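In my numbering, the protein residues as written are 2 to 119.
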């Protein structure tokens with residue numbers, strides 16, 4: 002899948018630069034573009050991103066040996082971000098290629114759809 006491939010390539014490229022510079026403080030994590038994610042968990046499906054975190058051995062910090070992958074369904078994160086008295090807030094998650102809009106009313110987050118014209 003091209004979303005994952007691009008994020009993995011970014012981690013590998015950054016890790017190579019990190020090793021060349023021997024800059025062990027360099028952060029080479031990456032996240033995919035927004036993608037729609039179905040889930041079997043107790044979370045509604047929605048726009049999501051896969052976070053790719055590189056793994057380097059403690060005794061060889063220049064060698065990329067793997068990834069930790071985490072999925073963030075943005076609706077799930079947003080629904081924990083607002084108190085019940087918050088209303089009239091539109092949240093737009095946007096990348097270079099995609100956008101998803103959510104509305105907050107009385108602290109509840111509702112997905113309005115893909116795009117920004119709502």
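Don't be surprised by glycine CBs; every beta carbon is placed ideally from N, CA and C.
As the structure is a computational prediction, the values presented were derived from the model and not from experiment.
Neighbour-count burial assignment, residue i, 16 or more Cβ in a 10 Å radius
i           : result
residue 27  : exposed
residue 6   : exposed
residue 81  : exposed
residue 95  : exposed
residue 114 : exposed
residue 78  : exposed
residue 41  : exposed
8 Å contact criterion, which residue i and residue j should meet: CB distance rounded
i          : j           : result
residue 49 : residue 74  : 5 Å
residue 53 : residue 110 : No, residue 53 and residue 110 are not in contact; Cβ-Cβ is about 26 Å, not under 8 Å.
Same chain only: Cβ atoms within 6 Å of residue i, ignoring 5 sequence neighbours per side
i          : result
residue 88 : 106 and 107
residue 83 : 105 and 108
residue 39 : 46
The beta strand (DSSP E) enclosing residue i, as first and last residue numbers
i          : result
residue 38 : 36-38
residue 75 : It is not in any beta strand (DSSP E) - residue 75 instead sits in the alpha helix (DSSP H) that spans 75-79.
residue 93 : 90-95
Own chain residues within Cβ distance below 7 Å of residue i, not counting five before or after
i          : result
residue 8  : 31, 32, 33, 51 and 53
residue 44 : 74 and 77
residue 29 : 12, 15, 16, 19 and 55
residue 67 : 56
Endpoints, alpha helix (DSSP H) assigned at residue i
i          : result
residue 87 : Element bounds for residue 87: n/a, residue is neither H nor E.
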